Every structure is written in structure tokens, then in C-alpha cells.
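In what follows, a single structure is set out as C-alpha cells and then discussed.
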Amino acid sequence: MSLKNKVIEDSEQLGKGWDTPDINWYPGHMLKAKKELAKQLKRVDVVLEMRDARIPVSSANHDFEKLLQQKKRILLFNKTNLADEDTTRKWKAYFKKMDTPSLFVDALNKQNLQEILPLSRKLMREKWSNFRKRGIRPPSLKLLITGIPNVGKSSLINRLSRRKATEIGPTPGVTKHQNWIKLGKDVELLDTPGILWPKIENREAGLRLAITGAIKDSIVGTSLLSDYLLGILMLQSQEQLLKHYHLTEENLELLPADLLEKIAEKRGCLKSGGAIDHPRAESLVLRDFRAGKLGRLSFDLPET
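What follows is the structure, given as C-alpha cells:
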């Protein structure tokens, strides 16, 4: 079974019972960013393609395969601190076996960031050696960083440049334009906006992109997202779920929508008169998950 089919099969099992609508978010600035990215590629030595370590396959923009073609590329899997450690080890082994230049990083906590520039230079070693043989001094290293929205590109750039070079935010779509940023006297990096693809055909992948923050909550709706997320947490992160919201094991026998009401009661997500404030409770669960308070989870699983 191929890796792609394996991911789809696991997704269908986890998402069984959810009647999900088509999930697509492709605003005009993404189309513009894709066209501008294509124009800049000739100026770039190495592309840093950033994905989410929790969804290494679902966060891959397949349009990049056509754009980048034979371009030297490093896959950066960010938010490793939020991903399941055992699953991450398996993904590392998978990409090593595939001989794919890749690093699992955590931009906020500076994990493995120091390896990015040396690996980029390593990919350029042969080309630069040919320059030197011809008596030509190699030019500055030019990098381009791209990936899906809200995967942490701006945080990474700020860490590498050791200053606030770009704006960051908890919602996708903060970066709107391309910017060249100096990382040192001989390294420049082109920041690009987060880009999705026009049609997300795998609905489960769409949900995974949404709950990890790549798609705005308003596109899918917090009701569906929290329902889906709680269903997964009830299967994969029971201990952390019970501990964080002070629930009982009996609560795990509830449907996700009913469990949400228990959480709302525990956390005081109530309207005047005592009615459940569903939107507030739904947003609470999503925020807690994205902050890592509900355990380390990976949703895309490699072949075993």
C-alpha cells in the first residue's frame, strides 16, 4: 500500500461518521502569491518548504511539485513539539529512507534551527565548487521559504534573522507580500505568503488543515471542527483530555457534541441564564489543542 493510500485509509477510519462539506479556501492573494513565487524561482538557490509535523502529508501543497520541479529543496516540518514523538521518529526514518533532505524543527523553541543553513550550503556545495574551479566567487546564498498558511514561516524567519523581520499571528493569512530578508552578510531569504491549493479533494485532509490552523475557522465552522477534534481526542489522547477538563471516564462514552457540553459546564462557557455557549466552548477546545494543552498528536501516519 502506498503512503498516500495509507494516510487516506487511516483518515477515513478516524473521520467515520462525520458528514463534512467541501473544504476550500483559496483567496485572491494566494493565486497572486503563487504567480509571484514562480517568477522568483530563477533567483533562488534552495527552497525551504515548510509543513506541519503533525500532518506531513496533508500539509503538502502538491502545486509546489509542478512549480519547483528540479529545484533544490529542504522539507522543514515545524511544530514538532506538538506532534506525537513516536510518530515523528517514524516520519524521520521514512524521509531518510527516501533520501529527502528534511528537518523536524520547532521555530518557537529554536529546535534544530541551527541545522538549516549548513544543510542549505551542503546542497549548493557541488555548484559552488564548479564556480571556484572557474575562478568565480560563489554569490550569496539565496533561499526561499514557502508552505501552507500559519505553519510558522514568520516565526522561523524571525528566529533565523534574530529580529522581528516579519509579522506573526495565530490565524492564517498574516503575510500578504513577498519580502527579501538578510540573514547575514552572505545569506538572503525570500518570505512568501502561505499558499493552499484551489480544491482540497480529500475532506479529511481539509479537516486536518483546519484544526491545525491552516484554514480559517470561519471557513469550516467551529462546531464541525470541535466535533471532529473531540472525536479524535477521545480515541488518541484520553488521559490528557480527562485531566485538562477534569472529566470522568464515563464522559468518554458520550458523543463529541455532548462531551463539549460537559467541557462548557466545567469551564463556565455559559450564557446568562445558564444555557451552553456553544461557540465559546468550541473555540476554547480548538485554542487549547493548538496550544498543546491536550497532548501531542499526529494525524498523518507513515507506513509501518
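Numbered per my numbering, the sequence shown spans residues 21 to 324.
Heads up, the beta-carbon is just placed ideally off N, CA and C, and yes, glycines get one too.
Predicted, not measured: the structure shown is a model, and the values here were computed from it.
- Looking only at Arg-228, Gly-251, Met-50, Arg-287, the smallest Cα-Cα distance to Asp-83 is reached by Met-50.
- Collapsing the DSSP output to three states places Arg-93 in a strand.
- Tyr-248 is not a Cβ neighbour of Leu-275, given a cutoff of 8 Å.
- By DSSP's assignment, Asp-72 forms a beta bridge with Asn-98.
- The region 99–106 makes contact with the region 66–79; the number of CB pairs closer than 8 Å reaches 3 or more.
- Going by DSSP, Phe-151 is part of the alpha helix (DSSP H) stretching over 145–153.
- Look at the region 241–321 and you find these whole runs of alpha helix (DSSP H), each 4 residues long or longer: 242–256, 258–265, 276–287, 298–310.
- Between Glu-85 and the set Leu-137, Asn-178, Lys-54, Asp-106, the nearest pair of CA atoms involves Lys-54.
- Under the DSSP assignment, Thr-166 falls in the beta strand (DSSP E) whose first and last residues are 161–167.
- DSSP places Lys-110 in the uninterrupted alpha helix (DSSP H) bounded by 105–117.
- Annotated as distal: Leu-137 and Pro-121, with beta-carbon spacing of 8 Å or more.
- DSSP lists no beta-bridge partner residue for Phe-84.
- Straight-line spacing of the CA atoms in Leu-279 and Glu-323 works out to 32 Å.
- Just measuring C-alpha positions, the residue of Ser-174, Pro-213, Leu-262 sitting nearest Val-305 is Leu-262.
- Under DSSP, Leu-123 takes part in a beta bridge, and its partners are Leu-96.
- With contacts defined as CB atoms closer than 8 Å, Lys-162 and Arg-63 qualify as a contacting pair.
- In the displayed model, Gln-198 falls within coil according to three-state DSSP, outside both helix and strand.
- In this structure, the straight-line span from the alpha carbon of Thr-232 to that of Ala-311 is close to 10 Å.
- Distance between Ser-243 and Phe-115, taken at the CA atoms: about 35 Å.
- Rounded to whole angstroms, Pro-218 and Leu-57 show a C-alpha spacing of 16 Å.
- Just so you know, the alpha carbons of Gly-251 and Asp-308 end up roughly 15 Å apart.
- DSSP places Glu-208 within a strand segment (E or B) once states are collapsed to three.
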